[in-house]
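Residue numbering for the sequence shown follows the numbering used here, starting at 66 and increasing by one per position. The C-beta atom is built at its ideal place from N, Cα and C for all residues, glycine as well. The model shown is predicted, which means the values in this text are computed figures rather than measured ones. Reviewing the structure listed below.
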Amino acid sequence: GRLAQPVLFGGAQVKGLLEQANRVTPEVSRVMFDAGFFSGEVAGLAAEQDLDLLCPEGKDPARTSSRKPKKNRIPKERFEYDAESDSYLCPANKRLHRLWNSKREEGTPIQYGGAPCQSCPLRPQCTTSKKKGRTITRSLPADQEEALGACREVMKHPKAIEAYRARAGMVEPVFADMRAGGMARFARFGEAGARLEFALRSIAHNLRRFLALIGTLLKQWWLERLHRVSQLRLACVIRPRVSPHGLRAAA
Numbered sequence: 066g067r068l069a070q071p072v073l074f075g076g077a078q079v080k081g082l083l084e085q086a087n088r089v090t091p092e093v094s095r096v097m098f099d100a101g102f103f104s105g106e107v108a109g110l111a112a113e114q115d116l117d118l119l120c121p122e123g124k125d126p127a128r129t130s131s132r133k134p135k136k137n138r139i140p141k142e143r144f145e146y147d148a149e150s151d152s153y154l155c156p157a158n159k160r161l162h163r164l165w166n167s168k169r170e171e172g173t174p175i176q177y178g179g180a181p182c183q184s185c186p187l188r189p190q191c192t193t194s195k196k197k198g199r200t201i202t203r204s205l206p207a208d209q210e211e212a213l214g215a216c217r218e219v220m221k222h223p224k225a226i227e228a229y230r231a232r233a234g235m236v237e238p239v240f241a242d243m244r245a246g247g248m249a250r251f252a253r254f255g256e257a258g259a260r261l262e263f264a265l266r267s268i269a270h271n272l273r274r275f276l277a278l279i280g281t282l283l284k285q286w287w288l289e290r291l292h293r294v295s296q297l298r299l300a301c302v303i304r305p306r307v308s309p310h311g312l313r314a315a316a
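Quick look at the structure:
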């Protein structure tokens, strides 16, 4: 489209969405986002508000990492971070402790290592370094790193994958309807123009859905009314009556 600025999805955007959702549905307990929202800020916000977060790291919800793993290398996701000791536990149950930058500054990554990799049987699958051994780099705060790891673990569960895939039936038809209505690209320049155009398109979509819902409800009401009238007429036709001799006879 003509929107040149990149669209970033972080904690601020999600917080605004949650505030809007809580005004409509006060009991929001689960949120589902696509891979564009997979970040430490979003995972940390969901954990802070005690929400079930279903968000894949890649396009495929069954894939637990968007990064291509190096050949014959154990991925970082298999290393468990322990916030209490500020260390990682490797698949061989060895500890990787902080190596440098003990006074962490905002946005500065922290490196962990120092495990006895030389005698580890998993070394050929883990690292090619002969001196340092395997190292892990963390660039997120501890709480966000932990929340992000928990999100990865949740998305490994078949029921979570099944529940997330049901999201396509709720979200994708909306965008398909907007595209069918002519929203193949934005017609206005800049973020403000794009926001205005999308808001107008959303209002038009909601009005169409509202009228369709009203039409469905009216149709159901009319059919139920016709059914009741037909039942009433049938009851009047077959209603028993009392004969002059005191016996009941059908009409």
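- Take S94, set aside five residues on each side of it, and the residues of its chain with a beta-carbon closer than 7 Å to its own are L116, D117, in chain order.
- The secondary-structure analysis by DSSP pairs Q176 across a beta bridge with T202.
- In the same chain as P156, and ignoring 5 residues on each side of it, the C-beta atoms closer than 7 Å to its own belong to I139, R143, L187, in chain order.
- Going by C-alpha positions, E122 is about 48 Å away from W287.
- Your pair A108 and A212 checks out as a contact, with CB atoms roughly 4 Å apart and the cut at 8 Å.
- For S152, the beta-bridge partners assigned by DSSP are D147, H162.
- By the Cβ-count criterion, M235 is exposed, with fewer than 16 other Cβ atoms from all chains shown falling within 10 Å of its own Cβ.
- The residues A212, in chain order, have a CB closer than 6 Å to that of A112 in the same chain once the five nearest residues on each side in sequence are set aside.
- When DSSP reads this structure, V236 sits in no beta bridge, so it has no partner.
- For R188, the uninterrupted alpha helix (DSSP H) run begins and ends at 188-191, by DSSP.
- Between the alpha carbons of Y229 and C120 lies a gap of roughly 8 Å.
- Residue environment for L282: exposed (fewer than 16 other C-beta atoms within 10 angstroms of its C-beta).
- According to DSSP, D115 shares a beta bridge with no other residue.
- Shortest Cα-Cα distance from C185 to any of R274, D99, G198, Q176 involves G198.
- For R95, the enclosing beta strand (DSSP E) has its first and last residue at 95-97.
- By the C-beta density criterion, V89 is exposed, having fewer than 16 other C-beta atoms within 10 angstroms.
- Straight across, the Cα-Cα distance linking R217 with I226 is about 11 Å.
- Taking C-beta separations shorter than 8 Å and ignoring five residues to either side along the sequence, the partners of N87 in its chain run V93, following chain order.
- Out of R232, A252, G246, the CA that lies nearest to the CA of I268 is found in G246.
- Here DSSP, grouped into helix, strand and coil, assigns G214 to helix.
- Of the candidates C182, L164, E149, K224, C182 places its Cα closest to the Cα of N158.
- Taking a 10 Å sphere around the C-beta of Q285, we find fewer than 16 other C-beta atoms and assign the residue as exposed.
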